[in-house]
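Novice: A single structure is presented below for examination.
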Amino acid sequence: MLGGGNDGTRGKPVLRQKTLNSFFIAAKKTEARVPPSAVATNASLPPKVTKSDSLCSISRKSALFDSQGSFDESDLDSELKKLINPPKLNNLKKGPVLKRAPLQKSESFLGTSQGEWDVGSQMTSSLSSSTSSFSSEDGGTGSLKRSLPPRPLQGLKLNASKRIRPLTRKLSNVGKAEATISLTEEQQTVLDLVLKRRASVFYTGCAGTGKSIILRTLIAKLHGLYGKEAIAITASTGLAAATIGGTTLHKWSGVGIGTGTGDQLVKRLEKQHNQLAVWRNTRVLIIDEVSMIDGHLLDKLELVARRLRKNEKPFGGIQLVLTGDFFQLPPVQKRDSQQGEMAVFCFESEMWKTCIHRTILLTKVFRQQDDELVCMLNAIRFGEVTPQLTQTIRYLSRAVSYPDGIAPTELYATRREVESSNARQLASLPGEAYRFHAVDAAPKEYVTLLDSSLMVEKIVTLKVDAQVMMLKNKPESELFNGSLGKVLFFITERLERVMKEFYRLVDDDVILDMRIVSRAIGNPLIMESLDFKQDLNSRPMSRLPALETMINHAKKTSSKEPVYPYVRWSLDNNNRFHHELMLPERFPVDLPGAKTGLERNQLPLMLCWALSIHKAQGQTIQRLRVDLRNIFEAGQVYVALSRAVSKDTLQVLNFNPKRIRANEKVKEFYRNLEVLS
């Protein structure tokens, strides 16, 4: 166990009781620490589950209500007041809404993850599948192992800060059924080409032109026409595939990384009966983010399709629906020792000439309701740098203030920068770290596939005030993949139900109360701690009856019962929030041709102070800060800046106009695309 005894008094001097006001004075600014080593992410736990199963382990330090900055640390004592008037949060990419699955936990300790999950046999204990929001009732059991050193209550000063309002996006009921979406004429034309004329189509457009809306609508209608088994939903990367509820093209096709000649791939696949059935049963192949696929691979797959299906029509008679943006990141060069060929764009492939009937450019922009931003992105997209463009981007280096205290997501060109930023921000937060270990229903050899296919991590490490991003769609709660929130405290499901009985509204006082209550969970000797008594006595007398009752419930809670993060999500710019206890969710990955798929059960959260530009491709980010210092390839600047929804919520640092460039082959290809009138 970490820390002192359960009463939290070991090695502590006797403290004089302070007044309430002493806890609400302004705190000093906290400088970001030197980036520590990345949080331990060993992907395995003990294969043998011990008597005390747990989902997360805790190391408690100090502090009640400190916050974090992003590139620069902000005023720590203004965070509560800043939880007012957030900008609207939306995300255009939405995957399917999935219910929680049974979850089993295993023991762990802070900074250490051991052994490995015993897959399959541990998927037995269940959690409630009802939504755990502040207006709902939940049930469930679990386990937790923790140590509880005392934490002093720190000051809280409520200040208001200047607000920059983002422009709202007008979407066509994105969170509702696809049938209710109102499509534009050019979007409907794409649908008609695919559904009525059964043409093989490539469609593209700049960020915000509704490529995702078309794709989701097509998937739903194709499922209705041919059944799910006949529609292959794929993407070039695991993250893009997870967003649309599919798998990678490499995995679906069974070719792996695609090394070898087409004939060699055919011989290999002919022996795999399940994979052979996948190819022969497919009527429509959908490929998202096709721009990142090597054209040589598509040529090989076209040969494989004709041979395996015994059909000499283009691509073996399979209808193709391709989408993506070639001005974004290019195909990744893979070393092929047998052929030594360089990666090429897929529109340069022989397959493209024979298999793709229509290539369509979408022109109407939805995502950015900011004409100047749209013009700026289009110029960057084509690599057209003008003095006016340079001046506009350099103006965007100004700081942007957010009244609700949720900092913008940072984008970096390299993974090392991302890991350093997230680790620095997490370490700068005081208090305990909670480590949540996923339960993977997958053979050991497929664990790496889960890691590459899902944005959700094997181990999620959180603290109070950690900034998080939602990785699921929950339209009933107005939460979507990409929604931003902040962890308020950690409690059990049972204590959340008790909290609802005493507190009908989550306000600043409730947050302070519940942070005290959380320290008493499973710790019957907590009242002997002078620090705890001091913090308790600092609360207003009128709040003590309910607070003491909550503490008694917390003390009686079993130390094996798991705690989960209680998150405040920002919904829009009309002072609206959603509070929810975040429980584990199912993240499935389908295996084509297999009777059962892979699955990860984990909190649908990730730290979102920083992401790589590569990971951000295809995402819509409401608040964005981009560092362009280490840009190294064509398209990176465009990918990074096109994640934004408005200039008002976009900050650009270390801009160098020489780094903006577009591939000349791509520019020529786009000049010849069909524009629908």
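Heads up: the sequence shown at position 322 corresponds to 322 in the UniProt record's numbering, and the numbers run straight through without jumps.
Glycine included, C-beta positions come from ideal geometry on N, C-alpha and C.
These numbers were taken from a predicted model, which means no experiment stands behind them.
Within 10 angstroms of its Cβ, does P408 collect 16 or more other Cβ (buried), or is it exposed?
Specialist: Its Cβ being crowded by 16 or more others within 10 Å, P408 is buried.
Novice: What residue does the alpha helix (DSSP H) around N363 start on, and which one ends it?
Specialist: With the sequence shown as reference, residue 363 is identified as Thr, and Asn is not the correct amino acid for it. T363 -> no alpha helix (DSSP H), and no H or E assigned at all.
Novice: With D648 as the anchor, note down where its beta strand (DSSP E) starts and where it stops.
Specialist: Looking at the DSSP string, D648 is not in any beta strand (DSSP E), and its letter there is neither H nor E.
Novice: Distance, Cα to Cα, E270 vs R659?
Specialist: For E270 and R659, the distance between alpha carbons rounds to 47 Å.
Novice: When you compare the CB positions of V506 and I551, do they come within less than 7 Å of one another, or not?
Specialist: Against a cut-off of 7 Å, the Cβ pair of I551 and V506 comes out as no contact.
Novice: For L429, which of helix, strand or coil comes out of DSSP?
Specialist: L429: coil per DSSP, three-state reduction.
Novice: Can you pull the DSSP bridge partners for K474?
Specialist: BP columns for K474 point to L479.
Novice: Just verifying my parser: in three-state terms, what is the DSSP assignment at V304?
Specialist: Of the three classes helix, strand and coil, the one that applies to V304 here is helix, per DSSP.
Novice: How would you label residue 708, buried or exposed, when you count the other beta carbons within 10 angstroms and need 16 or more for buried?
Specialist: In the structure displayed, the chain extends from 1 to 677; residue 708 sits before or after that span and is not available.
Novice: In whole angstroms, give me the CA-to-CA distance for G597 and S453.
Specialist: Rounded to whole angstroms, G597 to S453 spans 13 Å at the Cα level.
Novice: Can you give the Cα-Cα distance for K444 and Y566, rounded to whole angstroms?
Specialist: K444 and Y566: Cα-Cα distance of roughly 32 Å.
Novice: Does DSSP classify N601 as helix, strand or coil?
Specialist: Three-state result, N601: strand.
Novice: Could you round the C-beta distance between I511 and F489 to whole angstroms and report it? I think they count as a contact, below 8 Å.
Specialist: Right, their Cβ atoms sit about 7 Å apart.
Novice: Distance check for G635 and G383, CA to CA, integer angstroms please.
Specialist: When rounded, the distance between both Cα atoms is 9 Å.
Novice: Please name the residue or residues paired with M606 in a DSSP beta bridge.
Specialist: Note: M606 sits in a beta bridge opposite M469.
Novice: Less than 7 Å separating the beta-carbons of V365 and V374?
Specialist: A contact, by the Cβ cut-off of 7 Å.
Novice: What is the C-beta distance between E312 and K647, in whole angstroms, given that I count them as a contact (C-beta under 8 Å)?
Specialist: 52 Å between Cβ atoms; not a contact.
Novice: How many whole angstroms separate the CB atoms of Y564 and F327, which I take to be in contact at a CB cut-off of 8 Å?
Specialist: Wrong, their Cβ atoms sit about 41 Å apart, outside the cutoff.
Novice: Counting only runs that start and end within the region 489-546, where is the beta strand (DSSP E) found for 3 or more residues in a row?
Specialist: With a minimum length of 3 residues, no continuous beta strand (DSSP E) run stays inside the region 489-546.
Novice: Roughly how many angstroms separate the alpha carbons of M376 and N654, rounded to a whole number?
Specialist: Near 17 Å, if we compare the C-alpha coordinates of N654 and M376.
Novice: Alpha carbon to alpha carbon, how far is I293 from T282? Give it in angstroms, no decimals.
Specialist: Approximately 20 Å between the Cα atoms of the pair.
Novice: Grouping DSSP H, G and I as helix and E and B as strand, with all else coil, what is A441?
Specialist: If DSSP states are grouped into helix, strand and coil, A441 belongs with the strands.
Novice: For the putative contact between M351 and D288, defined by C-beta atoms under 8 Å, what is the C-beta separation to the nearest angstrom?
Specialist: Wrong, their Cβ atoms sit about 17 Å apart, outside the cutoff.
Novice: Can you pull the DSSP bridge partners for residue 680?
Specialist: Beyond the ends of the chain as shown, which are 1 and 677, falls residue 680; an answer cannot be given.
Novice: In its own chain, which residues sit with a C-beta less than 6 Å from the C-beta of I526, not counting the 5 before and 5 after it?
Specialist: For I526, where only same-chain residues beyond five positions count, the Cβ hits under 6 Å are A520 and F532.
Novice: In chain order, what residues of the same chain lie with their CB nearer than 7 Å to the CB of E668, ignoring the 5 residues before and after it?
Specialist: Excluding residues within five positions, none has a Cβ falling inside 7 Å.
Novice: Run the CB neighbour count on I185, radius 10 Å, all protein chains shown included, and call it buried at 16 or more, exposed below.
Specialist: As written in the sequence, residue 185 is Glu, which differs from the Ile given in the question. That one is exposed.
Novice: Taking 7 Å as the threshold (beta carbon to beta carbon), is A199 in contact with chain B?
Specialist: The displayed structure is made up of one protein chain only, and chain B is not part of it.
Novice: Three-state secondary structure (DSSP) at residue 689?
Specialist: Residue 689 is absent from the structure shown; the chain starts at 1 and stops at 677.
Novice: CB-CB under 8 Å to V266, same chain, minus the five flanking residues each way: which ones, in chain order?
Specialist: If we look at V266 and ignore the five residues flanking it on each side, its Cβ neighbours are L303, V304, R307 and L308.
Novice: Where does the unbroken alpha helix (DSSP H) through H223 begin, and where does it stop?
Specialist: Unbroken alpha helix (DSSP H) run through H223: K211 to Y226.
Novice: Between L297, T217 and A199, which lies nearest to L183 when the distance is taken from Cα to Cα?
Specialist: That would be T217, whose Cα lies nearest to the Cα of L183.
Novice: Have a look at K196, A240 and V321 and flag the residue whose alpha-carbon is nearest the alpha-carbon of I214.
Specialist: Nearest of K196, A240 and V321 to I214, Cα basis: V321.
Novice: What does the Cβ neighbour count give for I393, buried or exposed, with the cut at 16 atoms within 10 Å?
Specialist: Its Cβ being crowded by 16 or more others within 10 Å, I393 is buried.
Novice: Tell me whether L396 is buried or exposed, calling it buried when 16 or more other Cβ atoms sit within 10 Å of its Cβ.
Specialist: Per the 10 Å Cβ criterion, buried.
Novice: Check the DSSP bridge columns for L322 and list the partner residues they point to.
Specialist: Answer is F202 and I287.
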